[in-house]
Amino acid sequence: MLLLASATNAPSPWMIIPFVVMLLAIALMPFLHAPWWEKHYAKLAVGLGLFTAGYYVIFLRDGAHMLEVAHEYISFIALIGSLYIVAGGIHIRVRGESTPLRNTLFLATGALLANFIGTTGASMLMIRPWIRMNKYRVTAFHVVFFIFIVSNAGGALTPIGDPPLFLGFLRGVPFFWSVAHLWPAWAFLLGGLLAVFYLLDRINFARAPEVVRELETGYEKFAVDGQRNFFFIAMILAAVFFPSPWRELLMAGAAAGSWALTPRPVHDSNHFSFHPIKEVAWLFFGIFGTMVPALDYLQIHADQLGISTPVEFYAVTGLLSSCLDNAPTYLTLLAAALGQQALSLKSEADVALFAAEHAATLAAISLGAVFFGAATYIGNGPNFMVKSICEHAKVRTPSFFDYIIRYTFLILAPLLALVAWLFLA
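Okay, structure coming up:
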């Protein structure tokens with residue numbers, strides 16, 4: 002768990018600049034100079050991350066804090082990487098038939114599945130079949146709505162569904178609290194997203210040439226290859242409840258077992274490559290490292306944020322989760338909310354009491370962390386992996402700003418505002 006910063010080792014506000022540089026590089030460089038970015042993005046990410054770490058170790062004398070961040074990063078990569086490798090050993094042969102209705106049902110199934118195997122597991126398992134079943138007419142909005150629904154909003158009902166909720170569970174929030182308090186907002190947002198997707202996909206399907214529609218709806222036998230990997234997925238999910246380092250070792254063992262025992266033709270059918278997970282690992286090294294001063298600044302000045310109502314907690318948690326990792330953002334705002342009630346994040350009894358007596362505020366923080374993770378490619382770990390897999394499969398994906406302007410602002414943001422008005426105001 003990320004340590005809470007104190008005023009005695011507060012970083013300079015200027016140290017937030019490397020984080021801003023990291024975000025701008027991710028957003029702009031693939032568009033401004035793609036060849037340079039492909040060659041040097043790892044060097045930039047590592048350089049900025051180590052620069053920030055060096056500042057904490059040398060100037061703040063707070064190496065323990067950076068070791069804790071390094072542990073969080075390793076745990077994050079262990080989960081993301083193991084699920085990526087294991088899911089890559091499962092090949093789902095779809096029936097084609099990618100009509101708008103079947104596509105909508107597929108996304109709804111992914112949203113439900115995310116609550117049992119996590120948004121990362123559901124995304125890695127379903128993104129390749131999603132591409133194949135729409136291969137003759139797949140476009141940017143197919144990728145974006147998959148990220149909206151399967152990689153983010155779908156996993157709001159259980160602690161397994163998304164990392165922020167799991168951290169809340171470990172701190173004392175009851176396991177079934179999420180489904181009991183969040184399902185109305187979850188159902189509304191998913192219903193709205195699925196309805197918008199269905200309308201857009203109907204337009205897309207109607208515009209496709211007749212020969213494409215026939216290919217898309219042609220029959221292909223449904224089958225699942227590499228079924229032994231479901232055991233390794235179960236192994237990874239069980240490992241989540243183990244203490245570190247056994248958690249990471251079990252995940253690594255599951256990944257190694259999957260890689261060794263999966264027949265090569267299954268990987269070939271999935272066009273499996275380590276490139277997407279390597280890209281995510283390097284970029285999030287930079288993100289995890291450089292975001293520490295920003296999070297510390299927020300933690301130290303949480304009482305000065307001027308937020309008290311559920312809508313305010315929802316908005317602030319959401320906006321920060323869209324550009325910071327949503328798990329530590331969740332903890333930061335939860336700590337601030339507990340502090341306002343003279344309660345402590347370090348006490349499971351206090352957290353359970355807060356969940357019972359201030360359910361609206363906890364719901365606001367939870368919904369903000371999970372739902373707003375879909376607002377940008379870096380809002381949640383699976384987002385960037387889905388983008389990378391799609392690009393590797395030669396599927397056109399929107400740029401960083403195109404994603405935000407065309408889809409987040411025009412489609413997601415109005416629905417998120419309605420969630421606040423209907424369920425939190």
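My numbering numbers the first residue of the sequence shown as 2 and each following residue consecutively.
Quick reminder that beta carbons are idealized off the backbone N, C-alpha and C, glycines included.
Using the beta-carbon count (16 or more within 10 Å), is residue i buried or exposed?
i	result
S245	exposed
A343	exposed
L425	buried
S13	exposed
D269	exposed
A143	Reading off the sequence shown, one finds His at residue 143, where the question assumed Ala. Its Cβ being crowded by 16 or more others within 10 Å, H143 is buried.
H66	buried
T310	exposed
G227	buried
I406	exposed
A46	buried
P264	exposed
G192	exposed
G64	exposed
L423	exposed
L108	buried
P164	buried
Just tell me which of the options has its CA closest to the CA of residue i.
i	options	result
I308	N384, K44, F285 and T333	T333
G173	K136, A43 and P160	P160
A466	I278, A28 and G55	No answer is possible for residue 466: the residues shown for the chain start at 2 and end at 426.
P31	A207, F410, E392 and T100	E392
S76	L250, F372 and P415	L250
V396	D403, K388 and F402	K388
N135	R203, G192, L190 and P185	R203
S124	V139, T100 and I91	I91
D297	Y57, V241 and F385	Y57
N153	S345, F402 and S322	S322
F232	R208, L262, F243 and L166	L262
I18	L419, V293, A282 and G319	V293
T140	S83, R208, T330 and L320	R208
Y331	T53, L363, V95 and A235	L363
A361	A186, V95, H41 and V145	A186
L284	L166, N384, V241 and I237	N384
F52	L346, T291 and A350	T291
P415	L106, V267, L190 and L168	L190
Rounded to whole angstroms, how far is the Cβ of residue i from the Cβ of residue j, which I believe are closer than 8 angstroms?
i	j	result
T121	L80	7 angstroms
F147	I118	Contact doesn't hold; Cβ gap of about 16 angstroms is too wide.
S367	L114	Incorrect: roughly 20 angstroms between the Cβ atoms, too far for contact.
V317	L335	Actually they do not touch by this definition, with Cβ atoms about 12 angstroms apart.
Y199	P101	5 angstroms
S83	A253	7 angstroms
A11	I234	So it is not a contact: roughly 42 angstroms between Cβ atoms.
G89	F273	4 angstroms
One question on the structure: do residue i and residue j come within less than 8 angstroms of each other, judged by their Cβ atoms?
i	j	result
E73	F289	yes
F314	A338	yes
N116	G156	yes
A432	F401	Lying before the first or after the last residue shown, residue 432 is absent from the chain, which here runs from 2 to 426.
M23	L49	yes
N271	V87	no
A365	V312	yes
Y85	I278	yes
I412	V241	no
If you draw a straight line from the C-alpha of residue i to the C-alpha of residue j, how long is it?
i	j	result
W247	G380	27 angstroms
A376	L417	10 angstroms
T218	P399	Since pLDDT at T218 reaches only 49, below the 50 mark, its modelled position is unreliable, and no value is offered.
V21	G162	29 angstroms
A370	V151	15 angstroms
A35	A256	31 angstroms
P210	W260	40 angstroms
L25	C324	11 angstroms
L171	F206	45 angstroms
E39	F355	46 angstroms
A224	A421	42 angstroms
I357	G340	Checking the sequence shown, residue 357 turns out to be Ala, not Ile. So the two alpha carbons sit approximately 16 angstroms from each other.
Y220	R133	Note that Y220 has pLDDT 48, beneath the 50 cutoff, so the model's placement of it is unreliable and the number below is only indicative. In a straight line, the C-alpha of Y220 is about 13 angstroms away from that of R133.
F149	Y378	10 angstroms
A428	L61	Residue 428 cannot be examined here, being either before or after the span of the chain that is shown, 2 to 426.
F243	Y137	43 angstroms
Q404	A181	Note on residue identity: the sequence assigns Tyr, not Gln, to residue 404. Distance between the alpha carbons of Y404 and A181: 32 angstroms.
H276	A43	12 angstroms
L195	F372	15 angstroms
F176	A328	17 angstroms
L166	S179	8 angstroms
L33	V95	37 angstroms
G169	H41	37 angstroms
V352	L346	6 angstroms
I78	G374	18 angstroms
G319	L299	14 angstroms
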